[in-house]
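The opening residue of the sequence shown carries number 1227 in our numbering; numbering runs sequentially from there. We treat Cβ as the ideally placed atom computed from N, Cα and C, and that holds for glycine. Bear in mind the structure is a predicted one, so any value in this text is a computation, not a measurement.
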Amino acid sequence: MTNANKFNLLLDVVKLMHSLADGLEAVAYAFADSQEIFVEAKEVSKPVETGQPTKQIAAEKTPSLADVRAVLAVKTQNGMTAEVKGLITKYGGTKLSDVDSKHYADLIKDAEVLGNG
């Protein structure tokens, strides 16, 4: 292999490393954003015409497929691929896109505890 070929190969490796770093940064930002999106449902008091407070549940924002994918990607990168597949199966899918969006919040909650026990 000539020096020019070695140099080009090295440049290709550097480009791939930059691409990998960009991808990891995107996952990190997506993960951080998904953590900020979730607002726990909480009870709030609201006065009604009679002056008596009633309790209501504050709406919880439904996470998107991208939010779930970001959380699961981090878990997979941390060596929990089998556990992630188990969660997807638990919520009725063979792949993430098969899971009904109504399960996304619960899926993320379950994924967040992976590796903590």
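Only residues of its own chain outside the window of five on either side were considered, and among them T1288, P1289, S1290, L1291, D1293 and V1294 have a CB closer than 8 Å to the CB of Y1330, listed in chain order.
Our two residues, V1239 and T1228, have alpha carbons roughly 17 Å apart in a direct line.
L1298: member of the alpha helix (DSSP H) spanning L1291 to Q1303, first to last residue.
For V1310, the enclosing alpha helix (DSSP H) begins and ends at T1307 to K1316. DSSP, read as helix, strand or coil, puts L1236 in helix.
The Cβ-Cβ distance between K1321 and V1310 does not fall below 8 Å.
Under the three-state reduction of DSSP, N1231 is assigned to helix. For V1325, the CB contacts under 8 Å within the same chain, skipping 5 residues up- and downstream, are V1294, I1314, Y1317, G1318, G1319 and L1333 in chain order.
Secondary structure at K1335: helix, using DSSP grouped into helix, strand and coil.
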